[in-house]
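**Q** Pasting in a structure now, in structure tokens, and then I'll have a few things to ask.
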Amino acid sequence: MTDLKSQINPEKIPQHIAIIMDGNGRWAKQKGMPRVLGHHSGVKSVREVTEAAAQIGVKYLTLYAFSTENWNRPPAEVTALMSLLVETIKGEIRDLNKNGVRLTAIGDIEALPAATLKTLKEGIEKTKDNQRITLVLALNYSAKWEILHATRKLAEEVKAGRLDPAQITEAVFEEELSTHGIPDPELLIRTSGEARLSNFLLWQVAYAELYFTPVYWPDFGQQELFEAILSFQNRERRFGRISEQLT
Ligand code: IPE
Ligand code: IPE
Ligand code: MG
Numbered sequence: 047m048t049d050l051k052s053q054i055n056p057e058k059i060p061q062h063i064a065i066i067m068d069g070n071g072r073w074a075k076q077k078g079m080p081r082v083l084g085h086h087s088g089v090k091s092v093r094e095v096t097e098a099a100a101q102i103g104v105k106y107l108t109l110y111a112f113s114t115e116n117w118n119r120p121p122a123e124v125t126a127l128m129s130l131l132v133e134t135i136k137g138e139i140r141d142l143n144k145n146g147v148r149l150t151a152i153g154d155i156e157a158l159p160a161a162t163l164k165t166l167k168e169g170i171e172k173t174k175d176n177q178r179i180t181l182v183l184a185l186n187y188s189a190k191w192e193i194l195h196a197t198r199k200l201a202e203e204v205k206a207g208r209l210d211p212a213q214i215t216e217a218v219f220e221e222e223l224s225t226h227g228i229p230d231p232e233l234l235i236r237t238s239g240e241a242r243l244s245n246f247l248l249w250q251v252a253y254a255e256l257y258f259t260p261v262y263w264p265d266f267g268q269q270e271l272f273e274a275i276l277s278f279q280n281r282e283r284r285f286g287r288i289s290e291q292l293t
């Protein structure tokens, strides 16, 4: 196996990587197993990728774990996913603390089932002082919901006479997003071969590098993460300029 880690340029590590963890169901189906076992196997990838990201100096890792659209799945799968979340967070808190991982969440988390919300809040509270890496779980997340929520909030401020519409800059708008205080992801990875965003971080990925891999999430680990980072490092990020203008 080639040593991908040694090829990574430590000066060009993305500070924020976002991942659409996809393909758990197909991974399981391919093995003749129920979909839920695919989700269970995906937890190992979360652990491995979080540790690998922390090791090379990534500061924020955002994982899309449950979209608002995922409520439309068969009720048994939704229930299983919610229980898996509770089990996983409870089971990982010790290791999160040992590894310096601060857990946080984005999305409409207040609408999660009570047990899930309770465990999530405990996980966030118990890891809040860790500083090595921030693991952001997108839960009951919808980018459109988030943008509407921010818009409504600013509209209320305007209506109350506390804000002039001319003051609504990108920075002011971003303050109302659930990702406020977190830099935009420079790299967005989606596993499983699908090439779409599925309502994930629409505002924040405006200039992210997109990386799609056919690998199903349960098979995605450290090596696959390093491959994605190498791909990122080999791209020229021009932000509207031309090549010759970049130093
Ligand atoms: C991703 O895997 C996990 C969640 C969306 C919760 P999927 O469950 O979407 O797996 P596929 O896409 O059906 O294979
Ligand atoms: C996106 O995956 C949501 C998560 C990974 C949590 P989906 O599997 O739900 O997305 P679609 O339905 O294929 O777009
Ligand atoms: Mg899917």
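Going by this note's numbering, the first residue of the sequence shown is number 47, and it counts up by one from there.
Don't be surprised by glycine CBs; every beta carbon is placed ideally from N, CA and C.
Taking only runs of the alpha helix (DSSP H) that begin and end inside the stretch 187-274, which ones reach a length of at least 4 residues, in chain order?
**A** As far as the stretch 187-274 is concerned, its whole alpha helix (DSSP H) runs of at least 4 residues are 189-205, 216-221.
**Q** Taking its Cβ as the centre, do 16 or more other Cβ atoms sit within 10 Å of S91, making it buried, or is it exposed?
**A** By 1-based counting over the sequence shown, the position of residue 91 is 45. So S91 ends up on the buried side.
**Q** Could you check whether the Cβ of G207 sits closer than 7 Å to any heavy atom belonging to ligand 3?
**A** For the purposes of this step, residue 207 is identified with residue 161 of the sequence shown, where counting begins at 1. No - ligand 3 has no heavy atom lying nearer than 7 Å to the Cβ of G207.
**Q** Can you tell me where the beta strand (DSSP E) with L109 in it begins and where it stops?
**A** Your numbering for residue 109 matches position 63 in the sequence shown. Segment 106-113, the beta strand (DSSP E) holding L109.
**Q** For A122, tell me which candidate among T293, G227, P80 has the shortest Cα-Cα distance.
**A** Your numbering for residue 122 matches position 76 in the sequence shown. When only C-alpha atoms are compared, the closest one is P80.
**Q** Measure the alpha-carbon distance for S87 versus R208 and round it to whole angstroms.
**A** Locating residue 87 in the sequence shown gives position 41, where the first residue counts as 1. Locating residue 208 in the sequence shown gives position 162, where the first residue counts as 1. Straight-line Cα distance between these residues: approximately 49 Å.
**Q** Cβ atoms of F219 and L50: under 8 Å apart, would you say?
**A** Locating residue 50 in the sequence shown gives position 4, counting from the first residue. Locating residue 219 in the sequence shown gives position 173, counting from the first residue. For L50 and F219, no; Cβs fall outside 8 Å.
**Q** Any residue with its Cβ nearer than 5 Å to a heavy atom of ligand 1 should be included. What is that list in chain order?
**A** In chain order, the qualifying residues are D68, G69, N70, G71, R72.
**Q** Sort I135, L276, S224 by Cα distance to A99 and report the nearest one.
**A** Locating residue 99 in the sequence shown gives position 53, where the first residue counts as 1. Looking at the Cα atoms, L276 is the closest of the given residues.
**Q** Any heavy atom of ligand 2 closer than 7 Å to the beta-carbon of R81?
**A** Stepping through the sequence shown from its first residue, residue 81 is reached at position 35. Incorrect: R81 has no Cβ contact closer than 7 Å to ligand 2.
**Q** Apart from the five residues just before and just after D265, which ones in its own chain have a Cβ nearer than 6 Å to its Cβ?
**A** Counted from its first residue, the sequence shown places residue 265 at position 219. Nothing listed; no residue qualifies.
**Q** Please tell me whether, using a cut-off of 7 Å, the distance from the CB of N186 to the nearest non-hydrogen atom of ligand 2 is below it.
**A** Your numbering for residue 186 matches position 140 in the sequence shown. Outside the cutoff, so no.
**Q** Grouping DSSP H, G and I as helix and E and B as strand, with all else coil, what is T48?
**A** Against the sequence shown, residue 48 aligns to sequence position 2. Of the three classes helix, strand and coil, the one that applies to T48 here is coil, per DSSP.
**Q** Report the residue from H195, T293, V89, A184 whose alpha carbon sits nearest the alpha carbon of K136.
**A** Residue numbering aside, residue 136 sits at position 90 when the sequence shown is read from its first letter. Considering only alpha carbons, the answer is V89.
**Q** Are L200 and E222 close, meaning C-beta to C-beta below 8 Å?
**A** As a working note, residue 200 is residue 154 in the sequence shown. As a working note, residue 222 is residue 176 in the sequence shown. Cβ distance < 8 Å, so L200 and E222 count as in contact.
**Q** Mark E240 as exposed unless 16 or more other C-beta atoms lie within 10 angstroms of its C-beta, in which case mark it buried.
**A** On the sequence shown, position 194 is the one that residue 240 refers to. E240 is exposed by the Cβ-count criterion.
**Q** Considering T162, what are the terminal residues of the alpha helix (DSSP H) in which it resides?
**A** As a working note, residue 162 is residue 116 in the sequence shown. Note, T162: alpha helix (DSSP H), 160-172.
**Q** Could you pull the start and end residues of the beta strand (DSSP E) that T150 belongs to?
**A** Taking the sequence shown and counting its residues from 1, the one referred to as residue 150 is at position 104. Per DSSP, T150 belongs to the beta strand (DSSP E) from 147-152.
**Q** Excluding five sequence neighbours on each side, which residues of the same chain lie with their C-beta closer than 6 Å to the C-beta of L192?
**A** Position 146 of the sequence shown, counted from the start, is the residue given in the question as residue 192. The sequence shown places Glu at residue 192, not Leu. So the list reads L223, S224, once near-sequence residues are dropped.
**Q** Going by beta-carbon coordinates alone, are A206 and L183 separated by less than 8 Å?
**A** Position 160 of the sequence shown, counting from 1, holds the residue named residue 206. Position 137 of the sequence shown, counting from 1, holds the residue named residue 183. In this structure, L183 does not lie closer than 8 Å to A206 by Cβ.
**Q** What is the rounded straight-line gap between the Cα of L243 and the Cα of A189?
**A** One-based indexing of the sequence shown puts residue 243 at position 197. One-based indexing of the sequence shown puts residue 189 at position 143. Each residue's alpha carbon lies about 10 Å from the other.
**Q** Would you check if the distance between the CB atom of V261 and the CB atom of E270 is smaller than 8 Å?
**A** To locate residue 261, count along the sequence shown from 1; it is residue 215. To locate residue 270, count along the sequence shown from 1; it is residue 224. Cβ distance < 8 Å, so V261 and E270 count as in contact.
**Q** Please report the residue range of the beta strand (DSSP E) in which A64 lies.
**A** Position 18 of the sequence shown, counted from the start, is the residue given in the question as residue 64. From DSSP, the beta strand (DSSP E) with A64 extends over 62-66.
**Q** Just to confirm, are T162 and L131 a CB contact at a threshold of 8 Å?
**A** As a working mapping, residue 162 is identified with position 116 in the sequence shown. As a working mapping, residue 131 is identified with position 85 in the sequence shown. Contact: yes.
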